[in-house]
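Participant:
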Amino acid sequence: MSRWLWQVRARLGYWLARRLFHWPAALRQPRLWQWMQGQYGRMANLGDTQAQGFYGHILLFRGQGLGAREEGLRLLRLAANGGDGKAAYQLGVQSLQGDTRQAPDAAQAVRWWEMALAAEHPLAASRLSQLYRDGAPGLEPDPQAAERYAALAAEATRSGR
1 MSRWLWQVRA RLGYWLARRL FHWPAALRQP RLWQWMQGQY GRMANLGDTQ AQGFYGHILL
61 FRGQGLGARE EGLRLLRLAA NGGDGKAAYQ LGVQSLQGDT RQAPDAAQAV RWWEMALAAE
121 HPLAASRLSQ LYRDGAPGLE PDPQAAERYA ALAAEATRSG R
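Using the UniProt record's numbering, the first residue of the sequence shown is number 1, and each one after it goes up by one.
Take a look at the structure:
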């Protein structure tokens with residue numbers, strides 16, 4: 001099959017799987033859910049940033065086991081580096097929470113939330129403001145930075161972003 005035809009088939013399958021995702025009855029069908037995940041994974045492997053972010057969130061929150069979580073985080077990192085603000089925001093949340101293998105890392109959370117802010121994520125500035133106001137493991141409180149991010153959050157709220 002030619003590469004062009006393969007990509008068209010992948011895009012059509014992904015489009016259909018995204019539509020079916022909003023039907024609860026479809027999500028309860030194991031074979032259909034497995035097919036849908038295959039479509040999400042195929043599109044993410046083709047380098048589509050939106051698909052990487054979407055499937056990364058699914059694997060992170062609905063995946064089974066540590067392998068699914070790690071793959072979800074990997075896909076979210078790819079999407080965030082591709083400009084997806086929602087993925088960058090979620091990576092900041094995960095960095096600040098930490099897990100059994102990694103301690104909470106506030107500096108990493110700041111890095112991800114600044115990427116999310118650059119992509120105009122609506123909550124990134126307020127979370128940065130709160131983080132700099134309260135401090136966190138590995139990050140000292142910084143009232144000036146907290147005020148700067150609070151002003152950005154207020155501006156975003158006024159502009160409706």
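Glycine residues also receive a C-beta, built at the ideal position from the N, C-alpha and C atoms. Note that the coordinates shown come from a computational prediction; the quantities given were computed from them, not determined experimentally.
For Ser95, is the classification buried or exposed, using 16 other Cβ atoms within 10 angstroms of its Cβ as the cut-off for buried?
Facilitator: Counting from 1 along the sequence shown, the entry for residue 95 is found at position 95. Result: buried.
Participant: Anyone know if the C-beta pair for Ser129 and Ala106 falls short of 8 Å?
Facilitator: Mapped onto the sequence shown, residue 129 falls at position 129. Mapped onto the sequence shown, residue 106 falls at position 106. It is not a contact, given that the beta carbons lie outside the stated cut-off.
Participant: Using the rule of at least 16 other Cβ atoms within 10 Å of the residue's Cβ for burial, across every protein chain shown, is Trp112 buried or exposed?
Facilitator: Position 112 of the sequence shown, counting from 1, holds the residue named residue 112. Counting Cβ neighbours within 10 Å, Trp112 comes out buried, since at least 16 surround it.
Participant: Over the uninterrupted alpha helix (DSSP H) stretch that includes Pro24, give me the two end residues.
Facilitator: Mapped onto the sequence shown, residue 24 falls at position 24. Run containing Pro24: Pro24 to Leu27, per the alpha helix (DSSP H) assignment.
Participant: Tell me the DSSP secondary structure of Leu139 in three-state form.
Facilitator: Sequence index remark: in the sequence shown, residue 139 carries index 139 (1-based). Three-state DSSP puts Leu139 in a strand.
Participant: Between Ala119 and Gly85, is the Cβ-Cβ spacing less than 8 Å?
Facilitator: Numbered from its first residue, the sequence shown carries residue 119 at position 119. Numbered from its first residue, the sequence shown carries residue 85 at position 85. A contact, by the Cβ cut-off of 8 Å.
Participant: By the three-class DSSP mapping on this structure, what secondary structure does Asp99 have?
Facilitator: Within the sequence shown, the letter at position 99 stands for residue 99. Coil at Asp99, not helix or strand.
Participant: Please specify which runs of the alpha helix (DSSP H), each continuous and at least 4 residues long, are wholly inside the stretch 39-96, giving them in chain order.
Facilitator: Entirely contained in the stretch 39-96, the alpha helix (DSSP H) runs reaching 4 residues are, in chain order, 49-62 and 66-81.
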